[in-house]
Amino acid sequence: MNKISVAVLGATGSVGQRFIQLLENHPYFQVTHLCASENSAGKTYGEVMRKRWKISSDIPSYARDIIVTTPDPSRAPGVKLAFSGLDASVAGEVETAFANSGIHIISNSKNHRMVENVPLLSAEVNPDHLSVLSFQKTPGKILTNSNCTIMGVTISLKPLFEQFGIEAVMLFSMQAVSGAGYPGVPSMDILGNVVPFIGGEEEKAEIEPLKCLGKVVDGRIVNADFPISAHCNRVPVFDGHTVCVSVKLKKKATEQEIRKAWTSFRGLPQELELPLAPPVPIVYREEEDRPQPRLDLDTGKSMATVIGRLRPDPLFDWKYVVLSHNTVRGAAGAAVLNAELMVRKNLL
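Quick note on the numbering used here: the sequence shown kicks off at 1095 and runs consecutively.
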């Protein structure tokens, strides 16, 4: 197939860097435009990122000589799709401008997530939500990822929701510093410490899974109907969000039934064998002290959701631990997987 020309908005940030890494030699997409602030515009990406590249592998060679521009659709001729890692302070206006110009947007920002005809897409969880794109009035369509904290949580809830129903959820997050972007949390605030507040996180963790697990009705997404209570914390881990989840089910289930629901779960990305789809989207660890970011973060090329410690909950029914890679599965990787799904469904 002829590769689709794409732009990365916010290319110098932590999520933007992940996009550039994951799109190297991609079979569907070719990065032709990199966009950032006026401070970076006019320079090559390699020059801008000489001291700012924070991923362990080198800057991909294809990106080094691309001249960085400001995120303006008029500066992106031929681009059909833009991956946005822009900060929420500017993302809403910029992403709308790209959509108005006919360029499709897949965004990691919060600005459009709760609009009723904008999919909050997790490719294995709710691919049917893509149908609401046709109800958007702009020539380019806007699609969003969920918050990185609840990406793995929602994937873990999907088979439970389908097979047993859910009455209530409580979650306690331990979120990596990379989730705060670069330069992130000051070292004197996080080293040897736990920060029990992340602005806006608990609200997003309590509402976004409900939209992801909701239904499409008359061209809009109607949220699932169960309460979620969230406690969100920043911890001194570089990558990987760990979340402790307690769930009350509508239908009683045994430990073996729940574990089978997880390990047998497959979604449309696996059926279509999309390039970035993990063959096994949910991996269950038997060890009593897993999952751990240091040991399990690379599972499924960092696209799998790793679960462990399923056990009875004296207040709810069951409790367990979820780990997912926040900048890959929770951000750039999820966006690329969503774009792959759009390609295969002929939506680009």
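In this text, a Cβ means the ideal position worked out from N, Cα and C, and glycines have one as well.
Per-residue DSSP class, three states only, for residue i
{"i": "residue 1458", "result": "Here the chain covers residues 1095 to 1442 and nothing more, so residue 1458 does not appear."}
{"i": "residue 1148", "result": "coil"}
{"i": "residue 1201", "result": "strand"}
{"i": "residue 1168", "result": "helix"}
{"i": "residue 1249", "result": "helix"}
{"i": "residue 1135", "result": "coil"}
{"i": "residue 1229", "result": "helix"}
{"i": "residue 1176", "result": "strand"}
{"i": "residue 1163", "result": "strand"}
{"i": "residue 1207", "result": "coil"}
{"i": "residue 1276", "result": "coil"}
{"i": "residue 1281", "result": "helix"}
{"i": "residue 1142", "result": "helix"}
{"i": "residue 1422", "result": "helix"}
{"i": "residue 1215", "result": "coil"}
Run of the beta strand (DSSP E) containing residue i, from where it starts to where it stops
{"i": "residue 1265", "result": "1260-1269"}
{"i": "residue 1364", "result": "That residue, residue 1364, is in no beta strand (DSSP E); its alpha helix (DSSP H) goes 1362-1366."}
{"i": "residue 1324", "result": "1322-1328"}
{"i": "residue 1340", "result": "1335-1343"}
{"i": "residue 1128", "result": "1123-1129"}
{"i": "residue 1402", "result": "1399-1406"}
{"i": "residue 1347", "result": "Premise fails: residue 1347 is in no beta strand (DSSP E) and is neither H nor E."}
{"i": "residue 1379", "result": "1376-1379"}
{"i": "residue 1101", "result": "1098-1103"}
{"i": "residue 1314", "result": "1314-1316"}
{"i": "residue 1418", "result": "1412-1418"}
{"i": "residue 1310", "result": "1309-1311"}
Integer Cβ distance of residue i from residue j, believed to fall under 8 Å
{"i": "residue 1127", "j": "residue 1170", "result": "5 Å"}
{"i": "residue 1289", "j": "residue 1241", "result": "That pair is no contact at about 17 Å."}
{"i": "residue 1109", "j": "residue 1336", "result": "Incorrect: roughly 20 Å between the Cβ atoms, too far for contact."}
{"i": "residue 1195", "j": "residue 1376", "result": "Actually they are not in contact, since the Cβ atoms of residue 1195 and residue 1376 sit about 38 Å apart, beyond 8 Å."}
{"i": "residue 1434", "j": "residue 1368", "result": "4 Å"}
{"i": "residue 1410", "j": "residue 1341", "result": "6 Å"}
{"i": "residue 1139", "j": "residue 1112", "result": "So it is not a contact: roughly 14 Å between Cβ atoms."}
{"i": "residue 1103", "j": "residue 1179", "result": "7 Å"}
{"i": "residue 1265", "j": "residue 1247", "result": "6 Å"}
{"i": "residue 1415", "j": "residue 1424", "result": "With 8 Å as the limit, residue 1415 and residue 1424 do not qualify as a contact, their Cβ atoms being about 16 Å apart."}
Residue j beta carbon less than 8 Å from that of residue i
{"i": "residue 1400", "j": "residue 1390", "result": "yes"}
{"i": "residue 1330", "j": "residue 1284", "result": "yes"}
{"i": "residue 1223", "j": "residue 1316", "result": "no"}
{"i": "residue 1300", "j": "residue 1324", "result": "yes"}
{"i": "residue 1211", "j": "residue 1182", "result": "no"}
{"i": "residue 1162", "j": "residue 1135", "result": "yes"}
{"i": "residue 1098", "j": "residue 1123", "result": "yes"}
{"i": "residue 1396", "j": "residue 1245", "result": "no"}
{"i": "residue 1305", "j": "residue 1370", "result": "no"}
{"i": "residue 1430", "j": "residue 1117", "result": "yes"}
{"i": "residue 1361", "j": "residue 1261", "result": "no"}
{"i": "residue 1334", "j": "residue 1270", "result": "yes"}
{"i": "residue 1272", "j": "residue 1359", "result": "no"}
{"i": "residue 1200", "j": "residue 1177", "result": "yes"}
{"i": "residue 1203", "j": "residue 1191", "result": "no"}
{"i": "residue 1258", "j": "residue 1345", "result": "yes"}
{"i": "residue 1295", "j": "residue 1243", "result": "yes"}
Burial state of residue i, where buried means 16 or more other Cβ atoms lie within 10 Å
{"i": "residue 1144", "result": "exposed"}
{"i": "residue 1432", "result": "buried"}
{"i": "residue 1187", "result": "exposed"}
{"i": "residue 1253", "result": "buried"}
{"i": "residue 1298", "result": "buried"}
{"i": "residue 1348", "result": "exposed"}
{"i": "residue 1149", "result": "exposed"}
{"i": "residue 1440", "result": "exposed"}
{"i": "residue 1405", "result": "exposed"}
{"i": "residue 1388", "result": "exposed"}
{"i": "residue 1189", "result": "buried"}
{"i": "residue 1239", "result": "buried"}
{"i": "residue 1350", "result": "exposed"}
{"i": "residue 1255", "result": "buried"}
{"i": "residue 1151", "result": "exposed"}
{"i": "residue 1302", "result": "buried"}
{"i": "residue 1095", "result": "exposed"}
{"i": "residue 1167", "result": "buried"}
{"i": "residue 1413", "result": "buried"}
{"i": "residue 1267", "result": "buried"}
Where the alpha helix (DSSP H) through residue i begins and ends
{"i": "residue 1437", "result": "1427-1438"}
{"i": "residue 1236", "result": "It is not in any alpha helix (DSSP H) - residue 1236 instead sits in the beta strand (DSSP E) that spans 1236-1238."}
{"i": "residue 1109", "result": "1108-1116"}
{"i": "residue 1305", "result": "1295-1306"}
{"i": "residue 1288", "result": "Residue 1288 -> no alpha helix (DSSP H), and no H or E assigned at all."}
{"i": "residue 1389", "result": "1387-1390"}
{"i": "residue 1188", "result": "1182-1194"}
{"i": "residue 1384", "result": "Here residue 1384 belongs to no alpha helix (DSSP H), and DSSP marks it neither H nor E."}
beta-carbon residue i near the ligand NAP non-hydrogen atom, thresh 7 Å
{"i": "residue 1385", "result": "No copy of the ligand NAP appears in this structure; indeed no ligand is present at all."}
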